[in-house]
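Everything in the sequence shown is counted per numbering that gives the first Met the number 0, starting at 0 for the first residue and increasing by one.
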Amino acid sequence: MKKILLLLSLFVIAVTSVKAATPTAVADTGKVGTSADPKDPPLIFFGSVDTYYKYDFSGHNNIGYNPSTGIGTSFATDQNSVSIGMIDLGLKKKVGKASFVGELSFGPRGQYQSIPNGDGSAVNNGNSFHIQNLYVSYDVTDKLNFAAGYMATFIGYEVISPTGNFNYSTSYLFTSGPFQNAGFKATYAFSDKVSLMAGIFNDNWNVYTSQHDVSTFGAQLMVAPVKGWTAYLNVATGPTSGTIFDLTTAYQITDAFKLGLNGATFTPAHGGGGYDGVALYPQIAVSKIVTLGLRGEYFETKAIGTTVPSANVKALTATANIKAGALTLIPEIRFDNAKNQIFTDSDGAPTKSANQFVIAAVYAF
0 MKKILLLLSL FVIAVTSVKA ATPTAVADTG KVGTSADPKD PPLIFFGSVD TYYKYDFSGH
60 NNIGYNPSTG IGTSFATDQN SVSIGMIDLG LKKKVGKASF VGELSFGPRG QYQSIPNGDG
120 SAVNNGNSFH IQNLYVSYDV TDKLNFAAGY MATFIGYEVI SPTGNFNYST SYLFTSGPFQ
180 NAGFKATYAF SDKVSLMAGI FNDNWNVYTS QHDVSTFGAQ LMVAPVKGWT AYLNVATGPT
240 SGTIFDLTTA YQITDAFKLG LNGATFTPAH GGGGYDGVAL YPQIAVSKIV TLGLRGEYFE
300 TKAIGTTVPS ANVKALTATA NIKAGALTLI PEIRFDNAKN QIFTDSDGAP TKSANQFVIA
360 AVYAF
């Protein structure tokens, strides 16, 4: 018995000594600059949460997508309701020259996407989630980068995440263009003022896998003529996806005043139709926490033979961004006026105009 007790005592002492001698690992908290090994950078977490209230003065939801006209906008479509946008959760990491980005959203805003053929139609993919980004990239040199996977589109001014937009409601151009493109791209930076991207993408927009092949060619020329001014000339074209030409530019003219512009023209691969549009985005910071802005947009669908006539809409959106740390409060009022009677008045009758108020709260992390 004494031998057994002695052996147990020695075992306990040995285990205690090993634990005391073993260094405690530093936990990766997911924040920049916190890692046990400087050669292994931390996994970085990012994302957002948003909620909103919208009221259309007609008492009806008016500016959601209308399949009969091919005109409509995305998100913030619930009428007279406190509603949710989405929770967006992202991960990214870069070790040496290799990196990855994965971004997943849950909620109505994240689930909204366009019909693959780029006609602007809204569909739900049947999931409770939507993959926003899932790609890997590699810096071949300081100037050349390769990336492959499912990526947020390089076309357009506005994005799905509310943290990337000044306005909470979206433009007609945004809804009608691609949201994501899956494929492979190479980007070469000639200097900090000029870069060129070219890639090959799936046959359709906004899908994880192609229906037939990888047949859409895409390219982007970035130029930064002067400090604070950046312009992107974009094209995506394919025998299934159709052809879109897009200009996106923003100029920080002064510390307080910024001016943005988006223009695009789209032609389907088959069957006629398509659209043209332009949107202007002036913004002025009136204080450190308050910025005021407008979005003026003209959007026109092209006729399809003699059966579907062209239609157009003009929209003016006045928005404020009020910052409180990571939280942004976004009150917004919007006025839409169409050539055709594509909206509904308070009596349920067709009308050419729609007016709405939105107040949203967006938290970024």
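Beta carbons: idealized from backbone N, C-alpha and C, even for Gly. Note that the structure is predicted; figures quoted are calculated from it, not measured.
Go ahead and label residue i buried or exposed: buried means 16 or more other beta carbons lie within 10 angstroms of its beta carbon, across all protein chains shown.
{"i": "P22", "result": "Legend: pLDDT at P22 = 40, less than 50; position of this residue unreliable, value from coordinates given subsequently. Under this definition P22 is an exposed residue."}
{"i": "Y207", "result": "exposed"}
{"i": "D346", "result": "exposed"}
{"i": "H129", "result": "buried"}
{"i": "V48", "result": "buried"}
{"i": "G304", "result": "exposed"}
{"i": "D87", "result": "buried"}
{"i": "Q210", "result": "exposed"}
{"i": "D349", "result": "The residue you asked about is not Asp; residue 349 is Pro in the sequence shown. Per the 10 Å Cβ criterion, exposed."}
{"i": "I329", "result": "buried"}
{"i": "K38", "result": "exposed"}
{"i": "S80", "result": "exposed"}
{"i": "V94", "result": "exposed"}
{"i": "V25", "result": "Unreliable positioning characterises V25 in this predicted model, as indicated by a pLDDT of 39, which lies under 50. The coordinate reading is nonetheless provided below. Exposed is the call here."}
{"i": "N123", "result": "Its pLDDT being 49, under 50, N123 is placed unreliably in this model, and the value from its coordinates should be taken loosely. So N123 ends up on the exposed side."}
{"i": "D212", "result": "exposed"}
{"i": "D55", "result": "buried"}
{"i": "F364", "result": "exposed"}
{"i": "G198", "result": "buried"}
{"i": "G270", "result": "exposed"}
{"i": "P308", "result": "exposed"}
{"i": "I70", "result": "buried"}
{"i": "K192", "result": "exposed"}
{"i": "V361", "result": "buried"}
{"i": "K96", "result": "exposed"}
Terminal residues of the continuous beta strand (DSSP E) containing residue i?
{"i": "T174", "result": "No beta strand (DSSP E) holds T174; the alpha helix (DSSP H) holding it covers Y171 to S175."}
{"i": "Q219", "result": "T215 to V222"}
{"i": "G63", "result": "Run containing G63: none; DSSP gives neither H nor E here."}
{"i": "Q110", "result": "Taken as a continuous stretch (DSSP letters only), Q110 belongs to no beta strand (DSSP E), being part of the alpha helix (DSSP H) at P107 to Q110."}
{"i": "Q355", "result": "S352 to A363"}
{"i": "A319", "result": "A310 to A323"}
{"i": "H129", "result": "F128 to D138"}
{"i": "A249", "result": "G241 to Q251"}
{"i": "K257", "result": "F256 to T266"}
{"i": "V307", "result": "Counting along the chain, V307 falls outside any beta strand (DSSP E), and DSSP gives it neither H nor E."}
{"i": "N336", "result": "L326 to A337"}
Taking DSSP as the reference, what is the three-state secondary structure of residue i?
{"i": "G272", "result": "coil"}
{"i": "K30", "result": "Because the pLDDT at K30 is just 38, under 50, the model does not fix this residue reliably, and the value given afterwards should be weighed accordingly. Coil at K30, not helix or strand."}
{"i": "K92", "result": "strand"}
{"i": "G295", "result": "strand"}
{"i": "A75", "result": "coil"}
{"i": "V158", "result": "coil"}
{"i": "W228", "result": "strand"}
{"i": "Q340", "result": "coil"}
{"i": "D202", "result": "coil"}
{"i": "P349", "result": "strand"}
{"i": "Y54", "result": "strand"}
{"i": "S168", "result": "coil"}
{"i": "S80", "result": "strand"}
Mind checking who residue i pairs with in its DSSP beta bridge?
{"i": "T186", "result": "N144 and M196"}
{"i": "M85", "result": "None; M85 has no bridge partner."}
{"i": "E102", "result": "G89 and N132"}
{"i": "Q210", "result": "Partner(s): none; Q210 has no beta bridge."}
{"i": "V48", "result": "I86 and Y362"}
{"i": "T300", "result": "Y274 and A310"}
{"i": "P281", "result": "L258"}
{"i": "T290", "result": "A284 and N320"}
{"i": "D191", "result": "BP columns for D191 are empty, so no partner."}
{"i": "T152", "result": "Looking at the DSSP assignment, T152 forms no beta bridge with any residue, so it has no partner."}
{"i": "T236", "result": "F216 and T242"}
For the alpha helix (DSSP H) that contains residue i, what are its first and last residues?
{"i": "G163", "result": "G163 -> no alpha helix (DSSP H), and no H or E assigned at all."}
Would you check whether the ligand SAH has a heavy atom nearer than 8 Å to the C-beta of residue i?
{"i": "A218", "result": "As for the ligand SAH, it is missing from this structure, which has no ligand bound."}
Any contact of the segment 129-148 with the segment 226-241, i.e. 3+ C-beta pairs under 8 Å? No, the segment 129-148 does not touch the segment 226-241.
For the segment 329-343 against the segment 142-150, do three or more pairs of beta-carbon atoms, one drawn from each stretch, fall closer than 8 Å, so that the two count as touching? Fewer than three beta-carbon pairs drawn from the segment 329-343 and the segment 142-150 are found closer than 8 Å, and the two stretches are therefore not classed as touching.
Can we say the segment 296-311 touches the segment 167-181, given the rule of at least three CB pairs closer than 8 Å? Counting Cβ pairs under 8 Å, three or more are found: they touch.
Are the segment 285-295 and the segment 316-330 touching, with three or more C-beta to C-beta distances below 8 Å? Yes: at least three Cβ pairs fall under 8 Å.
Under 8 Å, with one C-beta from each stretch per pair, do the segment 256-264 and the segment 235-248 reach the 3-pair mark? The segment 256-264 is in contact with the segment 235-248.
Okay, do the segment 354-363 and the segment 52-63 touch, 3+ Cβ pairs below 8 Å being the bar? Because the criterion of three Cβ pairs below 8 Å is met, the segment 354-363 and the segment 52-63 touch.
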